[in-house]
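A.B. asks: Residues in the sequence shown are numbered from 7 upward in steps of one, following our numbering.
Beta carbons: idealized from backbone N, C-alpha and C, even for Gly.
All of these numbers come straight from a predicted model, not from anything done at the bench.
Here's a structure for you.
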Amino acid sequence: MEEVSNCYDYDISSSCSKKQFTGEPTLIIKQPEAVLDDVYYRSLELVDIFVCTIKDKKKTSEIVKNICKHLPLDKLSHLKRVKSNANQANELQIIVAENYEEDFLNNTWSDLCEKNPVYCHVSKPYLVKVPKLPPLTRQQYNNAVQYWPCSFHEDKRITRLLNRSFFSTEEVNLIHKNMEEAIFVAKSSVYKLHIGAVIVDPKSDTIIAKSCDLRQGKHPLQHAVMVAIDQVATVQGGGMWQLSDKSSNNLQKHSCRIEKGDKTGPYLCTGYDLYVTAEPCIM
7 MEEVSNCYDY DISSSCSKKQ FTGEPTLIIK QPEAVLDDVY YRSLELVDIF
57 VCTIKDKKKT SEIVKNICKH LPLDKLSHLK RVKSNANQAN ELQIIVAENY
107 EEDFLNNTWS DLCEKNPVYC HVSKPYLVKV PKLPPLTRQQ YNNAVQYWPC
157 SFHEDKRITR LLNRSFFSTE EVNLIHKNME EAIFVAKSSV YKLHIGAVIV
207 DPKSDTIIAK SCDLRQGKHP LQHAVMVAID QVATVQGGGM WQLSDKSSNN
257 LQKHSCRIEK GDKTGPYLCT GYDLYVTAEP CIM
């Protein structure tokens, strides 16, 4: 679910002619800002790994084949195995081990070198810092490749949500129209908690139900969102609460736009959009 902020800007430009300024500002409605999982906003985290310099480039293919076999990158599979040395343009660096172990050089690496002559074409392993986690956004990728090349499969949907280009102009107008309705419902509350919720069927842009917060009335669980969902359940033959006109501030007169007893609606409002003027609680 993406939360929507009710933000507007004024473009000081003429709405009639580019040559003549009338002084009347043009209202610009901003794209909603997506609230995504924290993983899409995380900072770059680095980890130490062992790397070798390849002495003979002609042996690169054979070296990579053997190292991948003997020392697979299970936890750092997003990293490219080989990269050019930033300090020496003609040199290549290869990742040999992902975990820092005190006895790696003396035991594991020494044994491999004794049994596999191809490792004589690489330098002694040394530590470098590389990205610990795979990048999920373009910004994370740009930060990661400053340290080591890595794989990145861009999710276009996430990119459009982050750069606020996901919705069309028509969709943005509908979003702000429905959000304004939620704000109006919140302001209509007879209680001090001015929170409004509106449930919309996006396929037809129809308001299915709407409610303000009624917790300060008779029931502590009557959050705006809970009441709106219960109204949908009521017209589908379920529901828990019978709201009086006084407690609901006459919302029942115009809350639901589907016929009572209609059980063809989606289960638990699946596919509907919810607009609420405050961040939904854990419940």
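#1: Starting from the N-terminal side, write out each stretch of the alpha helix (DSSP H) that is 4 residues or longer and does not extend beyond the stretch 66–149.
#2: With a CB to CB cut of under 6 Å and the five nearest residues on each side skipped, what residues in its chain are close to A203?
#3: If E104 and T59 are in contact, beta carbons under 8 Å, what's the gap, nearest whole angstrom?
#4: What's the C-alpha gap between D161 and P140?
#5: Please list, in chain order, all residues of the same chain as L118 whose beta carbon is under 7 Å from its beta carbon, the five residues on each side excluded.
#6: Is M185 buried or exposed, if buried means 16 or more other CB atoms sit within 10 Å of its CB?
#7: Any chance the stretch 71–88 sits against the stretch 144–157, with 3 or more Cβ pairs inside 8 Å?
#8: Please determine, among D279, N169 and L52, the residue with the shortest C-alpha to C-alpha distance to L5.
#9: With a threshold of 7 Å on Cβ separation, who are the neighbours of C275 within its own chain once the five nearest residues in sequence on each side are excluded?
#10: Assuming E285 and R170 make a contact with CB atoms under 8 Å, what is their CB distance in whole Å?
#11: I need the straight-line Cα distance from P131 to R87, nearest angstrom please.
#12: In or out: I288 buried (at least 16 other Cβ within 10 Å) or exposed?
#13: Under 8 Å between the Cβ atoms of V128 and Q37?
#14: Considering only the beta carbon of each residue, do N112 and Q99 sit closer than 8 Å?
C.D. replies: Short version:
#1: Those alpha helix (DSSP H) runs which fall completely within the stretch 66–149 and span 4+ residues are 66–76 and 116–121.
#2: Stepping through the sequence shown from its first residue, residue 203 is reached at position 197. Residues S217, A230, V231, A234 and V282 of the same chain have their beta carbon placed closer than 6 Å to that of A203, with the five preceding and five following residues left out of the count.
#3: Residue 104 sits at position 98 when you count from the first residue of the sequence shown. Residue 59 sits at position 53 when you count from the first residue of the sequence shown. Taking 8 Å as the upper bound for CB-CB distance, E104 and T59 are not in contact here, some 18 Å apart.
#4: One-based indexing of the sequence shown puts residue 161 at position 155. One-based indexing of the sequence shown puts residue 140 at position 134. Rounded to the nearest angstrom, the two C-alpha atoms are 13 Å apart.
#5: In the sequence shown, residue 118 corresponds to position 112, counting from 1. In chain order, H76 and Y125 place their CB closer than 7 Å to the CB of L118, counting only its own chain and leaving out the 5 sequence neighbours on each side.
#6: Against the sequence shown, residue 185 aligns to sequence position 179. Of the other Cβ atoms in all chains shown, 16 or more fall within 10 Å of the Cβ of M185; this residue is therefore buried.
#7: Three or more Cβ pairs closer than 8 Å define a contact, and the stretch 71–88 meets that threshold against the stretch 144–157.
#8: Residue 5 is absent from the model: the chain starts at 7 and stops at 289.
#9: Within the sequence shown, the letter at position 269 stands for residue 275. Only I205, I235 and V238 meet the Cβ criterion.
#10: Locating residue 285 in the sequence shown gives position 279, where the first residue counts as 1. Locating residue 170 in the sequence shown gives position 164, where the first residue counts as 1. Rounded, the Cβ-Cβ distance is 19 Å, inconsistent with contact.
#11: Position 125 of the sequence shown, counted from the start, is the residue given in the question as residue 131. Position 81 of the sequence shown, counted from the start, is the residue given in the question as residue 87. Whole-angstrom Cα-Cα distance: 14 Å.
#12: If you number the sequence shown from 1, residue 288 lands on position 282. By the neighbour-count rule (16 or more Cβ atoms within 10 Å), I288 is not buried but exposed.
#13: Looking up residue 128 in the sequence shown gives position 122. Looking up residue 37 in the sequence shown gives position 31. No, the Cβ-Cβ distance between V128 and Q37 is not below 8 Å.
#14: If you number the sequence shown from 1, residue 112 lands on position 106. If you number the sequence shown from 1, residue 99 lands on position 93. N112 is not a Cβ neighbour of Q99, given a cutoff of 8 Å.
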